[in-house]
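Using the working numbering, read the sequence shown as starting at 3 and increasing by one per residue. Even for Gly, the Cβ is constructed at its ideal location relative to N, Cα and C.
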Amino acid sequence: MSTAPLLDVRGLSVSFAGNKVVHGIDFSITPGERVALVGESGSGKTVSALSLLRLVANADLGGQAVFEGHDLLAMPERELRAVRGRDIAMIFQEPMTALNPLMTIGDQIAEVLTLKTGLAKAQAAQKVIDLLAETGIPEPARRVNAFAHQLSGGQRQRAMIAMALACQPKLLLADEPTTALDVSLRGQILDLLVRLQQSRGMAVLLISHDLNLVRRFADRVIVMENGSIVEQGATAEVFTQPQHAYTQRLIASRPVRDVVEEVQKENRPVMRAKGLRVIYPTPLPGVRGWFKRGEFVALQGADFEIVQGQTLGIMGESGSGKSTLALAAQPKLLLADEPTTALDVSLRGQILDLLVRLQQSRGMAVLLISHDLNLVRRFADRVIVMENGSIVEQGATAEVFTQPQHAYTQRLIASRPVRDVVEEVQKENRPVMRAKGLRVIYPTPLPGVRGWFKRGEFVALQGADFEIVQGQTLGIMGESGSGKSTLALAALGLLPFQGALHINGQAWGANAAGN
Numbered sequence: 003m004s005t006a007p008l009l010d011v012r013g014l015s016v017s018f019a020g021n022k023v024v025h026g027i028d029f030s031i032t033p034g035e036r037v038a039l040v041g042e043s044g045s046g047k048t049v050s051a052l053s054l055l056r057l058v059a060n061a062d063l064g065g066q067a068v069f070e071g072h073d074l075l076a077m078p079e080r081e082l083r084a085v086r087g088r089d090i091a092m093i094f095q096e097p098m099t100a101l102n103p104l105m106t107i108g109d110q111i112a113e114v115l116t117l118k119t120g121l122a123k124a125q126a127a128q129k130v131i132d133l134l135a136e137t138g139i140p141e142p143a144r145r146v147n148a149f150a151h152q153l154s155g156g157q158r159q160r161a162m163i164a165m166a167l168a169c170q171p172k173l174l175l176a177d178e179p180t181t182a183l184d185v186s187l188r189g190q191i192l193d194l195l196v197r198l199q200q201s202r203g204m205a206v207l208l209i210s211h212d213l214n215l216v217r218r219f220a221d222r223v224i225v226m227e228n229g230s231i232v233e234q235g236a237t238a239e240v241f242t243q244p245q246h247a248y249t250q251r252l253i254a255s256r257p258v259r260d261v262v263e264e265v266q267k268e269n270r271p272v273m274r275a276k277g278l279r280v281i282y283p284t285p286l287p288g289v290r291g292w293f294k295r296g297e298f299v300a301l302q303g304a305d306f307e308i309v310q311g312q313t314l315g316i317m318g319e320s321g322s323g324k325s326t327l328a329l330a331a332q333p334k335l336l337l338a339d340e341p342t343t344a345l346d347v348s349l350r351g352q353i354l355d356l357l358v359r360l361q362q363s364r365g366m367a368v369l370l371i372s373h374d375l376n377l378v379r380r381f382a383d384r385v386i387v388m389e390n391g392s393i394v395e396q397g398a399t400a401e402v403f404t405q406p407q408h409a410y411t412q413r414l415i416a417s418r419p420v421r422d423v424v425e426e427v428q429k430e431n432r433p434v435m436r437a438k439g440l441r442v443i444y445p446t447p448l449p450g451v452r453g454w455f456k457r458g459e460f461v462a463l464q465g466a467d468f469e470i471v472q473g474q475t476l477g478i479m480g481e482s483g484s485g486k487s488t489l490a491l492a493a494l495g496l497l498p499f500q501g502a503l504h505i506n507g508q509a510w511g512a513n514a515a516g517n
């Protein structure tokens, strides 16, 4: 690795209306180096990275950011536009706000390729499919025609990564690139970035509050607090021998839940779902779309219940159906959809403590949706594991994590180290939710003339059975497309489903008038 800096930042300052938020920071990045910028919300890490490409509106910038001998902060706007996306690319934290809602994902990435590299349309179209496949998006040839709102959160982020890497940049600015990704995909994305970096000599500046990710990925770490760099050095040294008090506190932060005190709770379910199915209409290509719509089954026959005072955790990758499932709510049930995903490491524990206090004080059940296995293991009493719209395993948290029976569960748990399990809590057995045979079917386009008269079906949720007991936490986990979010939407009646769903003993769904 060359010792000459690819990027040399000297005295970078950022001010808004005379208020300085970044105070003259200095750092450098060499070709092929992986550097992480860490700190809590408001520390200045993201605004510092955005300022390198002058993407911060109404900001007064000071200092220098020398890239390959040219000061980015003094470069004419026309020259800087040529650098953006080609030599320096950026992955934004919120792809939904960064992607164009009026263009398909394929068209957006192809536009970058044609403008920045001069590829012909046909070549760009194939390159887009290859990039989407490389970043782990399923069915990339079909997803190129999808709009941002038609993708799950994780799939949108992967599309953003594919776009950023399209032109083989020399420097990649990655702002929380895996925050929205599922546990089993984070390693794949990191491995992908490492492979691309090594094969292309690409440097990476990672902005993250995920210390586990930073420790695994970065060669060097830069720690920011209140707009200043308080410490920087080799990753191993910073994590094992932190010198600054803020760094020590940041590393010591662990957003985990203490063992829950024993609480007497009823076992009466406040929500019960049976056979929840959710089906989304999808456009058919060409003339077929004039007469009929296809179907996409997002939730496939899910069965579950939530008991009063219990927390139900739903785990799984983006698009698996966990958010859909969590929207199946009643007043005695709290649906927590990735409540700590976008939070800094030192804030997650505060949110979990709040959830625990609310649960214990109100005796409510909690349905927790998360791809953070550590969070689910600490917080949930029971766990549901979802794959491809089906519940493949469910049981007590300790049993599922220590003795997983299904191969998918074993692979999901093995993808990341987990912590100790919460002690057993005595609760009533009255289900607040019970589901039986929940199924959700989406219409899908049929090829050729058949699509003019008929639509296909995609089963997103397949005959799921489960229940949630009062005062219990049920966790649902699974990969993208497993049906977790679809299940939640069906339980709220926001999506059509098949099967039986009972909440507090009453039928719930399209045929349950008044609910």
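Residue i to residue j span [Cα, whole Å]
i: residue 210; j: residue 199; result: 18 Å
i: residue 501; j: residue 491; result: 14 Å
i: residue 503; j: residue 466; result: 10 Å
i: residue 89; j: residue 43; result: 28 Å
i: residue 487; j: residue 356; result: 23 Å
i: residue 171; j: residue 440; result: 46 Å
i: residue 162; j: residue 102; result: 11 Å
i: residue 461; j: residue 52; result: 42 Å
i: residue 444; j: residue 498; result: 10 Å
i: residue 215; j: residue 45; result: 18 Å
i: residue 310; j: residue 301; result: 24 Å
i: residue 148; j: residue 128; result: 16 Å
i: residue 146; j: residue 26; result: 43 Å
i: residue 342; j: residue 350; result: 6 Å
i: residue 283; j: residue 297; result: 5 Å
i: residue 412; j: residue 479; result: 12 Å
i: residue 245; j: residue 229; result: 18 Å
i: residue 21; j: residue 59; result: 14 Å
i: residue 217; j: residue 203; result: 21 Å
i: residue 72; j: residue 176; result: 21 Å
i: residue 371; j: residue 254; result: 26 Å
i: residue 63; j: residue 54; result: 9 Å
i: residue 35; j: residue 9; result: 11 Å
i: residue 433; j: residue 374; result: 25 Å
Simplified DSSP assignment, three categories, for residue i
i: residue 211; result: coil
i: residue 365; result: coil
i: residue 10; result: strand
i: residue 502; result: strand
i: residue 128; result: helix
i: residue 140; result: coil
i: residue 497; result: coil
i: residue 204; result: coil
i: residue 19; result: coil
i: residue 277; result: strand
i: residue 199; result: helix
i: residue 254; result: helix
i: residue 43; result: coil
i: residue 383; result: coil
i: residue 235; result: strand
i: residue 485; result: coil
i: residue 117; result: helix
i: residue 401; result: helix
i: residue 465; result: strand
i: residue 220; result: coil
i: residue 438; result: strand
i: residue 407; result: coil
i: residue 242; result: helix
CB-CB length for residue i against residue j, believed under 8 Å
i: residue 11; j: residue 30; result: 7 Å
i: residue 457; j: residue 295; result: 6 Å
i: residue 316; j: residue 473; result: Between residue 473 and residue 316 the Cβ distance is about 17 Å, and since that is not below 8 Å, they are no contact.
i: residue 136; j: residue 194; result: 7 Å
i: residue 306; j: residue 437; result: 5 Å
i: residue 37; j: residue 220; result: 6 Å
i: residue 393; j: residue 403; result: Not a contact, Cβ separation roughly 16 Å.
i: residue 271; j: residue 435; result: 5 Å
C-beta neighbour in chain B for residue i, strict 8 Å
i: residue 147; result: The question asks about chain B, but that chain is absent: this structure has only one protein chain.
Does the contact criterion of 3 or more C-beta pairs under 8 Å hold for the segment 350 to 364 versus the segment 383 to 400?
no
List in chain order: all unbroken beta strand (DSSP E) runs of 3+ residues lying wholly within the segment 46 to 110.
Counting whole runs of 3 or more residues, the segment 46 to 110 contains the beta strand (DSSP E) stretches 62 to 69, 90 to 93.
Kindly confirm or deny that the segment 112 to 124 and the segment 149 to 156 touch, where touching means at least three C-beta pairs closer than 8 Å.
no
If you scan the segment 141 to 180 from start to end, which runs of the beta strand (DSSP E) of 3 or more residues do you find wholly inside it?
173 to 177
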